[in-house]
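Engineer:
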Amino acid sequence: MNKIYKVEIITRPELFDDLKEALNYLGVNGMTVSDVNGCGMQKGHTYYRGVKRDVNLIKKIKVTVVVSEIPYEEVLKAVEKCLKTGTVGDGKCFVTEVVDVLRIRTGERGVAALMGANEC
908 MNKIYKVEII TRPELFDDLK EALNYLGVNG MTVSDVNGCG MQKGHTYYRG
958 VKRDVNLIKK IKVTVVVSEI PYEEVLKAVE KCLKTGTVGD GKCFVTEVVD
1008 VLRIRTGERG VAALMGANEC
């Protein structure tokens, strides 16, 4: 049985179109996109009308993909090539192994539940 991996990519919202194109080029078709807020090295500082304010949270997006046939290492390479600017705030990727998948409509489990998903 092929292993299944979930890759969560947190980055700037304005980079989404480039990221989606890079993932589609790899053959990653299904994804879930969420608007999220957070802070890391940026510390959540912003300026409003010229005055520095601490808001502690910065708007980001989280793109989640689940892969089996495509090695997650290839996804990470594509993400880095696409998103890396070398400045604080480029984002992070988290990779976790998925124990099981259930396609609710059909009852398919595991890798079979991922096949044929062409939602984007």
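In this text, residue positions in the sequence shown follow my numbering: the first is 908, and each later residue adds one.
Note that beta-carbon positions come from the ideal geometry of N, C-alpha and C, so glycine has one too.
(1) Given a threshold of 16 other Cβ atoms within 10 Å of its Cβ, counted over all protein chains shown, does T918 qualify as buried or as exposed?
(2) Grouping DSSP H, G and I as helix and E and B as strand, with all else coil, what is D925?
(3) Return the residue from the list V973, E980, K999 and L922 that minimises the CA-CA distance to V1006.
(4) Please report the straight-line C-alpha distance between L933 and K988, rounded to a whole angstrom.
(5) From E1004 to K910, what distance separates their C-alpha atoms?
(6) Grab the span of the beta strand (DSSP E) containing V995 for me, first residue to last.
(7) Taking the C-alpha atoms as reference points, what is the distance between G947 and T994?
Structural biologist: With the given structure in hand:
(1) Here residue 918 refers to the residue found at position 11 when the sequence shown is read from its first residue. Buried, since its Cβ has 16 or more Cβ neighbours within 10 Å.
(2) Position 18 of the sequence shown, counted from the start, is the residue given in the question as residue 925. Helix, per DSSP.
(3) In the sequence shown, counting from the first residue as 1, residue 1006 sits at position 99. Distances from the alpha-carbon of V1006 to those of V973, E980, K999 and L922 put V973 closest.
(4) The sequence position of residue 933 within the sequence shown is 26, counting from 1. The sequence position of residue 988 within the sequence shown is 81, counting from 1. Going by the C-alpha atoms only, they are around 13 Å apart.
(5) Locating residue 1004 in the sequence shown gives position 97, counting from the first residue. Locating residue 910 in the sequence shown gives position 3, counting from the first residue. Going by the C-alpha atoms only, they are around 7 Å apart.
(6) Position 88 of the sequence shown holds residue 995. Where V995 is concerned, there is no enclosing beta strand (DSSP E), given that its DSSP letter is neither H nor E.
(7) Indexing the sequence shown from 1 puts residue 947 at position 40. Indexing the sequence shown from 1 puts residue 994 at position 87. So the two alpha carbons sit approximately 13 Å from each other.
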